[in-house]
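So the sequences go chain by chain: H and Y. Residues in the first sequence are numbered consecutively from 36, following this note's numbering. Residues in the second sequence are numbered consecutively from 353, following this note's numbering. All C-beta atoms, glycine included, are put in the ideal place defined by N, C-alpha and C. Quick caveat: nothing in here was measured; it's all calculated off a predicted structure. Heads up: the structure comes next, in structure tokens.
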Amino acid sequence: MKPAAFEYHRPDRLADALALLADLPNPKALAGGQSLMPMMNYRVLQPDHLVDLNNVSELAGCTPDASGVRIGAMTRQCALKESPLVNRSLPLMAEALEHVGHLQTRNRGTLGGSLCHADPSAELPTVCTALDATLVVERRGSQRKTSIHDWAMGYLMPAIEAEELLTQIHIEPWPAGHGWSFVEFARRHGDFAIVGVAALLHLDAKGRIERIAIAIGGCADKPVRLTLAEERLAGGTPSEALFAEAGVLASRLENVLTDAYVQESYRRHLADVLVRRALGRAAERARQGVPA
Amino acid sequence: MKTMTVNTTVNGASFERTVDVRTSLADFLRHGLCLTGTHVGCEHGACGACTVQLDGAAVRSCLMLAVQADSRKVTTVEALGSPDALSALQKAFSDHHALQCGFCTPGFLVTMQSWLDEAPPDATLTDEQLRDLLSGNMCRCTGYQNIIDAVRAVLRDRQASARLAPTT
Chain H
36 MKPAAFEYHR PDRLADALAL LADLPNPKAL AGGQSLMPMM NYRVLQPDHL
86 VDLNNVSELA GCTPDASGVR IGAMTRQCAL KESPLVNRSL PLMAEALEHV
136 GHLQTRNRGT LGGSLCHADP SAELPTVCTA LDATLVVERR GSQRKTSIHD
186 WAMGYLMPAI EAEELLTQIH IEPWPAGHGW SFVEFARRHG DFAIVGVAAL
236 LHLDAKGRIE RIAIAIGGCA DKPVRLTLAE ERLAGGTPSE ALFAEAGVLA
286 SRLENVLTDA YVQESYRRHL ADVLVRRALG RAAERARQGV PA
Chain Y
353 MKTMTVNTTV NGASFERTVD VRTSLADFLR HGLCLTGTHV GCEHGACGAC
403 TVQLDGAAVR SCLMLAVQAD SRKVTTVEAL GSPDALSALQ KAFSDHHALQ
453 CGFCTPGFLV TMQSWLDEAP PDATLTDEQL RDLLSGNMCR CTGYQNIIDA
503 VRAVLRDRQA SARLAPTT
């Protein structure tokens, strides 16, 4: 359970980190290390060069900008959880963070690290999927933006090259008064969820669903949006019957995983139950209309 | 480079050591500094036995490299108290039989102490909050209830002292 030998680099500036990733063979960027270090200890990953980002202070922090909220990829989960900006503007993320790991792992783990690990049942990628996050990916000399919906290509496979770095996450908050809910089922609190659901819902003046987003993690090999259910619910008035339809649609997702612990049928059952539960809570909050 | 010099402060004392860069912080503390109070259980961040404080924050030392403690302050269970002078938390663990084999105990103590050090003296926790706080530490002996009881006793004593303390 010791990692294979590697060379270690600790740049202070983003430009230096990008140069190292561009010039070195078989590099890997180290964020909070809460997933990468176990994978290296298991020797699932054996990078020749580890580029530690923990001293690159320009990658951490969370600030409002013209288009919404800009979160540096190295912003730690504990900082997000305590951020007034996140709690005010992104209450869905704040609620999901209650389920993310434990005190010790949140003290190190980062938003960018979670996205780059791309575990299909991790909470933060599911939240970013519901919120239509835009990711900024940089390499030496150039920058590109990509949608969260084009990010995960499959289990633990983010669409990023070895010499690239996820540097920022941009999220446009939903309007004040929207409803939100993150619910999940895990064997033990703090574990990766078996299934997790993020729901956002905004009602018009007549109480009809004006805008809705439902993302589900842990079912397929990446978090997915329940577009069929979103289309079915848009314009409707929240009710148990309507949400039950969404639950049925969720349980009919394609490519649902089976593994040694959890069968596909159980994941489908959880998808149904959790989607109904998340929508119910989100609608309740939207009806209260209390600005988030 | 595959080795590197680390300057770190552990339990108030400064150390300069040259280490293999792949050495975990947990192994460095145990083998490099002979601080064997930090226990290594799972080596992949699941059990919490290796919890130490990095600049006051509880972290898993099996998931950090020793070189990442460079220029940082590390606190291990050895700093909490001594056999002759147990800390309030250690005393409470002893009084409430909050350990049996003791392997997980350093992790629980260091995690809980990081919260106690940050929280105001009259701070309280619901059972749910307390269990959530300690959910990153596994214990296979006690069933956790005695650990909860021990922490409850410390919180009660702190609150009583806070009430008695003269206000300025």
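When you compare the CB positions of residue i and residue j, do they come within less than 9 Å of one another, or not?
i, j, result
"V104/H", "T98/H", "yes"
"I244/H", "G270/H", "yes"
"C399/Y", "G459/Y", "yes"
"A255/H", "L309/H", "no"
"T388/Y", "Q405/Y", "no"
"R320/H", "G147/H", "no"
"P332/H", "V79/H", "The structure shown does not extend to residue 332/H, since chain H is modelled only from 36 to 327, so the question has no answer here."
"G397/Y", "C414/Y", "yes"
"A505/Y", "P472/Y", "no"
"Q112/H", "G68/H", "no"
"T169/H", "G231/H", "no"
"R412/Y", "G488/Y", "yes"
"L468/Y", "F445/Y", "no"
"A39/H", "M75/H", "yes"
"H134/H", "E158/H", "yes"
"A197/H", "D185/H", "no"
"S102/H", "H205/H", "yes"
"N377/H", "A410/Y", "There is no way to answer for residue 377/H, as the model of chain H reaches only from 36 to 327."
"R316/H", "S182/H", "no"
"L288/H", "L314/H", "no"
Using the beta-carbon of each residue, which ones in chain Y are nearer than 9 Å to residue i?
i, result
"H16/H", "The question about residue 16/H has no answer, for chain H in this structure spans 36 to 327."
"K63/H", "Near K63/H there are no residues of chain Y at all, since even the closest Cβ is about 13 Å away, more than 9 Å."
"A87/H", "The question names Ala, but residue 87/H is Asp in the sequence shown. Correct list: L417, V419, Q420."
"M188/H", "Those do not exist, as M188/H stays about 25 Å from chain Y at its closest Cβ, beyond 9 Å."
"M72/H", "S376, H396, G397, R412, C414, L415, M416, L417"
Can you say whether residue i is buried or exposed, counting buried as having 16 or more other CB atoms within 10 angstroms of its CB?
i, result
"L2/H", "Absent from the structure is residue 2/H, since the part of chain H shown begins at 36 and ends at 327."
"E275/H", "exposed"
"T370/Y", "exposed"
"V362/Y", "buried"
"H152/H", "buried"
"T355/Y", "exposed"
"Q465/Y", "buried"
"P435/Y", "exposed"
"C453/Y", "exposed"
"N89/H", "buried"
"G189/H", "exposed"
"C386/Y", "exposed"
"M36/H", "exposed"
"D407/Y", "exposed"
"T357/Y", "exposed"
"G242/H", "exposed"
"D479/Y", "exposed"
"D379/Y", "buried"
Show which residues of chain H have a CB atom less than 8 Å away from the CB atom of residue i.
i, result
"T364/Y", "Contrary to the premise, residue 364/Y reads as Gly rather than Thr in this sequence. Correct list: empty, because the minimum Cβ distance to chain H is about 21 Å."
"A409/Y", "C113, N142"
"R412/Y", "Q69, Q139, T140, R143"
"G495/Y", "Result: empty, since nearest Cβ-Cβ is about 14 Å, beyond 8 Å."
"G400/Y", "H137, Q139"
At 9 Å on the CB atoms, spell out the chain H contacts of residue i, in chain order.
i, result
"K354/Y", "A40, F41, E42, Y43"
"T457/Y", "Under the 9 Å cutoff, chain H gives no residues; its nearest Cβ is about 16 Å from T457/Y."
Would you mind telling me which residues of chain H sit closer than 7 Å to residue i, beta carbon to beta carbon, in chain order?
i, result
"R515/Y", "Result: empty, since nearest Cβ-Cβ is about 28 Å, beyond 7 Å."
"E395/Y", "M36, N76"
"T403/Y", "Q139"
Between the options, which has its C-alpha nearest residue i's C-alpha?
i, options, result
"T202/H", "E93/H, L85/H, T164/H", "E93/H"
"E266/H", "P258/H, A281/H, A211/H, G252/H", "A281/H"
"A264/H", "K257/H, R246/H, G253/H", "R246/H"
"P119/H", "A129/H, G67/H, H205/H", "A129/H"
"P210/H", "L288/H, P126/H, E196/H", "P126/H"
"I499/Y", "E430/Y, G364/Y, K425/Y, Q442/Y", "Q442/Y"
"A234/H", "A228/H, A240/H, E219/H", "E219/H"
"K425/Y", "D509/Y, R382/Y, T360/Y, C402/Y", "T360/Y"
"V429/Y", "E480/Y, S439/Y, H448/Y", "S439/Y"
"S177/H", "P46/H, V283/H, E117/H, L200/H", "L200/H"
"R374/Y", "G67/H, D185/H, H84/H, Y301/H", "H84/H"
"V283/H", "D307/H, R48/H, H205/H", "D307/H"
"A95/H", "A108/H, S102/H, A101/H", "A108/H"
"E173/H", "S300/H, A57/H, L236/H", "A57/H"
"R312/H", "H224/H, H205/H, I251/H", "I251/H"
"M490/Y", "D226/H, S124/H, F217/H", "D226/H"
Since residue i meets chain Y, which of its residues come closer than 7 Å, beta carbon to beta carbon?
i, result
"H137/H", "S487, G488"
Near-chain Y residues of the segment 41–58 of chain H - C-beta to any C-beta below 8 Å: So the close ones are F41, E42, Y43, R45.
Closer than 7 Å, Cβ to any Cβ of chain H: which residues of the segment 367–390 of chain Y, in chain order? V373, R374
Contacting positions in the segment 449–474 of chain Y - beta carbon closer than 7 Å to chain H: T463
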